[in-house]
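Residue numbers (our numbering): 2 to 181. The C-beta atom is built at its ideal place from N, Cα and C for all residues, glycine as well. Take a look at the structure below.
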């Protein structure tokens, strides 16, 4: 049995979890997440405690689903009650981010500014000219949007200029040496 899969999920009072056949819906103050369960995954909901189990513990694939679905459901519960945040920062002379309504406009050393629209369910917030946050209730979507923004100008290995996650360690390369 999965160690992670055995842990029960506590459901906060402001979150409602409904199971309709194989469709699981988690609704809270920040939004609603939905998940379709695969065959072999069972869910029990008792007094604000949710437990995930699998039908066949001998089947290798079912055992793999045990911890996976427990983690996915826990992320859904945490997301609709507290939300997720990814913080990013911009390093480089003249590089900056400007809030434009729900979207962010980046100036990253290209000949033109880049406007990044906020997808539905995601909030983009510029805290300083070189620091911003990606917020949302879906952990997967928050991480994907942060990765897409980072891809606009990834950190380069010589000076470390570009967009990076907060506290990300960039390994720098030694530059060329002069002629002797």
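Q: Can you tell me which of the three DSSP states residue 178 falls into?
A: Residue 178 falls in the coil class under three-state DSSP.
Q. How many Å lie between residue 104 and residue 133 at the Cα?
A. Taking the straight line from one Cα to the other gives about 11 Å.
Q) With distances taken from CA atoms, which of 46, 123 and 42 is nearest residue 86? A) For residue 86, the nearest C-alpha among the options comes from 123.
Q: Using three-state DSSP, classify residue 159 as helix, strand or coil.
A: Three-state DSSP puts residue 159 in coil, outside helix and strand.
Q.
Does residue 34 pass the burial test, meaning 16 or more other C-beta atoms within 10 Å, or should it be called exposed?
A. Label assigned to residue 34: buried.
**Q.** For residue 83 and residue 30, the rounded distance between their alpha carbons
**A.** About 9 Å.
Q: Decide if residue 3 is buried, meaning its Cβ has at least 16 other Cβ atoms within 10 Å, or exposed.
A: Buried, since its Cβ has 16 or more Cβ neighbours within 10 Å.
**Q.** Contacting residues, own chain, Cβ-Cβ under 8 Å from residue 50 (five flanking each side not counted)
**A.** Same-chain partners within the cutoff: 9, 10, 11 and 12.
Q) In or out: residue 125 buried (at least 16 other Cβ within 10 Å) or exposed? A) Residue 125 comes out buried.
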